[in-house]
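Chemist: Here it is: the structure, laid out below.
Chains as they are written, first to last, in our numbering: chain P, 111 to 555; chain R, 111 to 555.
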């Protein structure tokens, strides 16, 4: 296009200027490289998390009008020395080692581990049907696979993750002494996927691990061959006292309506396996890039655009809760909130928890967004960290990239920088900046 | 969905059955693993290409009604021992090595290489303006980057690739003794990208290489610092006598209109750098998978579905030409032809060279295709191998996956199996099978 001053431009020209800016001069990729390869993983309470806070603040200081740290206490769970697990060999056969990792928040078995028979179930319902007589003293093995036929892989995740989140307490109520969960992955693969469990207060805390999908199949077959086999696992994870941490907040102050806040963010913490590249380093650097795009184009938004890098999404959501609490106490007005936490992949659309009027408004922008791969605005969504803002009855929006590759890496050691494409990352930042520019221009309906 | 017999199913149910089948039982990924890691690269005339023909025929024999090899003579260009290139150090400074590779089809420099001053240009037009006085005896360096702001990366490629294809003969006409071309890549990176040049019969054949984008920038800066610098490169590539090779053809014979052929294919040859995973192993195994899906679902199409794995797309298109020639001589009727040659990435749509009536027909199927990521049917396209079928005035269709990552790997040593996602590969096969099922059901308008 010929040069058009931003303020005189049509919606389509504005959106094009935004994408041109990020595709030419975007810093997301460079930022992500630093965050993932120099800081590395950054589980809540870890030194990596503290380093990430300082790094993000320093980078944002270069581009934002105001940057501050919002204190929040977070859990401090540590994995300890590496897990060990095997199917015990019987009749002089060798033990068969399997790939496992402790679930986030789990208690450890301690030295010596636990050894028991295994009861395989496909669901919490099946567990309840078997009952305490069958379960007591055993290890429960939750082995319902994610449904590979669901095109949106997050739907497949939501259809299986109850086993990981609720399985341990459900099994403990029936007297189980440990839990093994099939990893939340769609492929036959060797990496176990970690992720949070949720201990209920009325159930004993028993140790729980994820097993790789390939070894879940192996264990299932071994149980068919020898139902009374013994399984062993040893974990050294533990929960230490809570730690002081921070949400990192930065804003460009609006020129006309500075009290109207458009929020964009991701979560700065990650699991301790891999480097949190897609989950959610990508969402953090893309949110930072939204501000940089404005600076690069020399534009001041009418409304305040605020970046929030939340702490502790993975195992507690303390940052998201604290942010919403503070916003309420200060009487802040959020016009809309956008979260990027589905990976740094190529654009597909935005998911929304919003009024029909706002959905219609976004649909009216489809002609200017579709050339950049954004065409799907039909799904419910938002994001975990911005979820607590639902009390304000504002549009909660999730940046929705393509989901096909997400669970190849999610919560595993494979979630590293080399899995991210520079252009896909840049495009995602452009998508959020474009939507924010349109909301800034027209307000919300 | 509940089980529905295919023949009684709605369009949406049929398409869902197809995707479920490939997502559950797809063989594309396993086939691609073998083709790329066991056969490896397969440049026309190479032993790899011959192996690939035999392998594909054997695999297709298991699923098709008929499989045959269609003879075609192909060029046999070989790279020879590894290229060497550097910016010569002056005033006792060291030589600066740079990453290059010979362009496909280039003559070699032979031992001793060539050494000359470098004239940098941004276009063939600029070369012509400089003229023979300035060019004679020098190396021409074509250094116009691909335009990163074009969302469809193939548009950026088309806007730059004239330098690689036509640059060598254009430079030779002005007396140049060698050509260096900036690699066709969008990122700052270290890998050179090969690809075919086209020597014109009226120009001397001079040696030509691609240089990595990062080293193109380095060379450009070095020329600013020292315009008279000397550049050295040595290549040992050569063109051997043509070799007998084959297109691999397999079909499921139609139950009602067997003489009406719906073609689906990709090209079996690849460049000799990398393993031709995305280009175009992916398109080959996805085309094979279309037949397997029919077998897996126990369906016989009404029309004949024919898979063609073309030989020699990369440096000659002999396979595509021979196929069209034979089709004409036999008086075959092709109803439509689909090619997959844009990588095994997540679906976006189909490009078409077709009548408005056919475009409208495909648009009418959008509601059943969009849930699988297929929403963009607006672009002109098709495929190189099926291009020669344009004389039959039939719809030529290109499967159009997302293009953001394609030029990260294209024609480099990075085009390997690990860059391919199983689900994205399966989805692409499903897309083509779905479109073919709809064409088979309704014919073409």
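Just so you know, even glycine gets a beta-carbon here, dropped at the ideal spot from N, CA and C.
Residue range of the alpha helix (DSSP H) that residue 245 of chain P falls in?
Modeler: Note, residue 245 of chain P: alpha helix (DSSP H), 234 to 245.
Chemist: Give every residue of the same chain whose Cβ lies closer than 8 Å to the Cβ of residue 542 of chain R, excluding the five residues on either side of it in the sequence, and list them in chain order.
Modeler: 374, 396, 397, 400, 448, 450, 509.
Chemist: Which of helix, strand or coil does DSSP assign to residue 395 of chain P?
Modeler: Here residue 395 of chain P sits in helix by DSSP.
Chemist: Closest Cβ-Cβ distance between residue 113 of chain R and chain P: below 8 Å?
Modeler: Confidence is the limiting factor: at residue 113 of chain R the pLDDT is only 46, short of 50, which leaves the residue's position unreliable, though a coordinate-based value still follows. Closer than 8 Å: no.
Chemist: Let's see if you can read the secondary structure: which residues bound the beta strand (DSSP E) around residue 362 of chain P?
Modeler: Where residue 362 of chain P is concerned, the enclosing beta strand (DSSP E) stretches over 348 to 362.
Chemist: State the Cα-Cα distance for the pair residue 261 of chain P and residue 297 of chain P, rounded to the nearest angstrom.
Modeler: In a straight line, the C-alpha of residue 261 of chain P is about 14 Å away from that of residue 297 of chain P.
Chemist: Residue 320 of chain P and residue 288 of chain P look like a contact to me (Cβ under 8 Å); what is the Cβ gap, rounded to whole Å?
Modeler: About 12 Å separates the two Cβ atoms, so there is no contact after all.
Chemist: Following the continuous beta strand (DSSP E) through residue 436 of chain P, name the residue where it begins and the one where it ends.
Modeler: Premise fails: residue 436 of chain P lies in the alpha helix (DSSP H), 428 to 440, not in any beta strand (DSSP E).
Chemist: Per DSSP, which residues does residue 196 of chain P bridge with? Please list them.
Modeler: Residue 196 of chain P is bridged to P/207, P/342.
Chemist: So which residues on chain R does residue 534 of chain P lean against when the C-beta distance must stay under 8 Å?
Modeler: Per Cβ cutoff of 8 Å: 514, 515.
Chemist: Quick one: Cα of residue 247 of chain R to Cα of residue 329 of chain R, how far?
Modeler: So the two alpha carbons sit approximately 19 Å from each other.
Chemist: If contact is defined by three or more beta carbon pairs under 8 Å, each pair taking one atom from either stretch, is the region 262 to 270 of chain P in contact with the region 492 to 504 of chain P?
Modeler: They do not touch, by the three-pair rule.
Chemist: Extract the residue ranges of the beta strand (DSSP E) inside the region 138 to 180 of chain R, only unbroken runs of 3 or more that lie entirely within it.
Modeler: If we require 3 residues or more, the region 138 to 180 of chain R turns out to have no beta strand (DSSP E) run fully inside it.
Chemist: Is it buried or exposed for residue 445 of chain P, if we count other Cβ within 10 angstroms and need 16 for buried?
Modeler: Buried, because 16 or more other Cβ atoms sit within 10 Å of the Cβ of residue 445 of chain P.
Chemist: Just the chain P side, please: which residues come within less than 8 Å of residue 134 of chain R by C-beta, in chain order?
Modeler: Ordered by position in chain P, the residues that pass the 8 Å Cβ test against residue 134 of chain R are 258, 259.
Chemist: For the alpha helix (DSSP H) holding residue 515 of chain P, just list the boundary residues, first then last.
Modeler: Where residue 515 of chain P is concerned, there is no enclosing alpha helix (DSSP H), given that its DSSP letter is neither H nor E.
Chemist: Quick check: the region 359 to 367 of chain P against the region 177 to 186 of chain P, are at least 3 beta-carbon pairs closer than 8 Å?
Modeler: Taking 8 Å as the limit for Cβ pairs, the verdict is that the region 359 to 367 of chain P does touch the region 177 to 186 of chain P.
Chemist: Here's the rule: buried if 16 or more other CB atoms are within 10 angstroms of the residue's CB, otherwise exposed. What is residue 393 of chain R?
Modeler: Flag for residue 393 of chain R reads buried.
Chemist: Name the chain R residues whose beta carbon is nearer than 8 Å to that of residue 130 of chain P?
Modeler: Those are 259, listed as they occur along chain R.
Chemist: What is the rounded straight-line gap between the Cα of residue 454 of chain P and the Cα of residue 527 of chain P?
Modeler: Straight-line Cα distance between these residues: approximately 10 Å.
Chemist: Could you pull the start and end residues of the alpha helix (DSSP H) that residue 547 of chain P belongs to?
Modeler: Here the alpha helix (DSSP H) through residue 547 of chain P covers 532 to 552.
Chemist: For a cutoff of 8 Å on Cβ pairs, would you count residue 522 of chain P as touching chain R?
Modeler: Judged by the 8 Å Cβ criterion, residue 522 of chain P is not in contact with chain R.
Chemist: Cα separation between residue 219 of chain P and residue 537 of chain P?
Modeler: Approximately 45 Å, taken between the alpha carbons.
Chemist: Helix or strand or just coil, what does DSSP make of residue 124 of chain R?
Modeler: Looking at residue 124 of chain R - three-state DSSP - the assignment turns out to be helix.
Chemist: According to DSSP, is residue 268 of chain P helix, strand or coil?
Modeler: Helix.
Chemist: Using the beta-carbon of each residue, which ones in chain P are nearer than 7 Å to residue 296 of chain R?
Modeler: Within 7 Å Cβ-Cβ: 533.
Chemist: From residue 155 of chain R to residue 182 of chain R, what does the alpha carbon distance come to, in whole angstroms?
Modeler: C-alpha separation (whole angstroms): 11 Å.
Chemist: Quick check on the burial criterion: 16 or more other C-beta atoms within 10 angstroms. Buried or exposed for residue 147 of chain P?
Modeler: Classification for residue 147 of chain P: exposed.
Chemist: Please go through the same chain and pick out, in chain order, the residues whose beta-carbon is closer than 6 Å to the beta-carbon of residue 223 of chain P, but skip the five residues on each side of it.
Modeler: Correct list, in chain order: 342, 343, 344.
Chemist: Just checking, does the region 476 to 495 of chain R make contact with the region 515 to 529 of chain R on the three C-beta pairs under 8 Å criterion?
Modeler: No, the region 476 to 495 of chain R is not in contact with the region 515 to 529 of chain R.
Chemist: Using a Cβ cut-off of 7 Å, pull out every chain P residue sitting near residue 537 of chain R, in sequence order please.
Modeler: Within chain P, the residues near residue 537 of chain R are 514.
Chemist: Is it the case that the region 458 to 473 of chain R contacts the region 509 to 521 of chain R, given that we only count it when at least three CB pairs across the two stretches are under 8 Å?
Modeler: Result yes; three or more Cβ-Cβ pairs closer than 8 Å.
Chemist: Compile a chain-ordered list of the residues in the region 465 to 486 of chain P whose CB is closer than 9 Å to at least one CB of chain R.
Modeler: Of all residues in the region 465 to 486 of chain P, 480, 481, 482, 483, 485, 486 have a Cβ within less than 9 Å of some Cβ in chain R.
Chemist: Going residue by residue through the region 263 to 316 of chain R, where are the continuous alpha helix (DSSP H) segments of at least 4 residues, counting only ones entirely within it?
Modeler: Whole alpha helix (DSSP H) segments, 4+ residues: 263 to 268, 272 to 275, 277 to 283.
Chemist: So the alpha helix (DSSP H) residue 323 of chain R belongs to, where does it begin and stop?
Modeler: Taken as a continuous stretch (DSSP letters only), the alpha helix (DSSP H) holding residue 323 of chain R covers 323 to 335.
Chemist: Got a sec: which bits of the region 441 to 460 of chain P sit with their beta carbon under 7 Å from any beta carbon on chain R, in order along the chain?
Modeler: Within the region 441 to 460 of chain P, the residues whose Cβ lies closer than 7 Å to some Cβ of chain R are 456, listed in chain order.
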